[in-house]
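Residue 2 is where the sequence shown starts when you use my numbering, and the numbers rise one by one after that. Everything on this sheet refers to the single structure shown next.
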Amino acid sequence: MSAVMIRIVLRYGAGLLVAKGLLAPETGPAIADDPDIQMLLEVGVGLAAGVLSETWYVLARRLGWAR
2 MSAVMIRIVL
12 RYGAGLLVAK
22 GLLAPETGPA
32 IADDPDIQML
42 LEVGVGLAAG
52 VLSETWYVLA
62 RRLGWAR
């Protein structure tokens with residue numbers, strides 16, 4: 002399921018970059034279909050989720066929400 006979502010995000014991101022002129026039109030599909038970039042994005046999303054949860058826990062402890 003996450004690979005499908007990652008592929009969709011990459012397609013929209015590549016389309017946005019092509020529309021803004023920051024990326025050549027030939028490069029957009031290559032980025033959206035590259036499995037290495039998809040894997041890198043999956044790892045990045047996983048790391049971001051971990052950092053977000055730990056940050057939320059630290060905030061909860063400081064504000065007295067956690068026991």
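Cβ coordinates follow ideal geometry from the N, Cα and C atoms, glycine included.
{"Item": "Contact between the stretch 49–63 and the stretch 33–40 (3+ Cβ pairs under 8 Å)", "Value": "no"}
{"Item": "Cα-Cα separation between residue 68 and residue 40, rounded to whole angstroms", "Value": "37 Å"}
{"Item": "Of the listed residues 6, 5 and 32, nearest to residue 18 (C-alpha basis)", "Value": "32"}
{"Item": "Extent of the continuous alpha helix (DSSP H) to which residue 35 belongs", "Value": "That residue, residue 35, is in no alpha helix (DSSP H); it is neither H nor E in DSSP."}
{"Item": "Short Cβ contact (8 Å threshold) for residue 29 with residue 16", "Value": "yes"}
{"Item": "Three-way DSSP call (helix, strand, coil) for residue 57 in this model", "Value": "helix"}
{"Item": "Residue of 43, 24 and 22 minimising C-alpha distance to residue 10", "Value": "43"}
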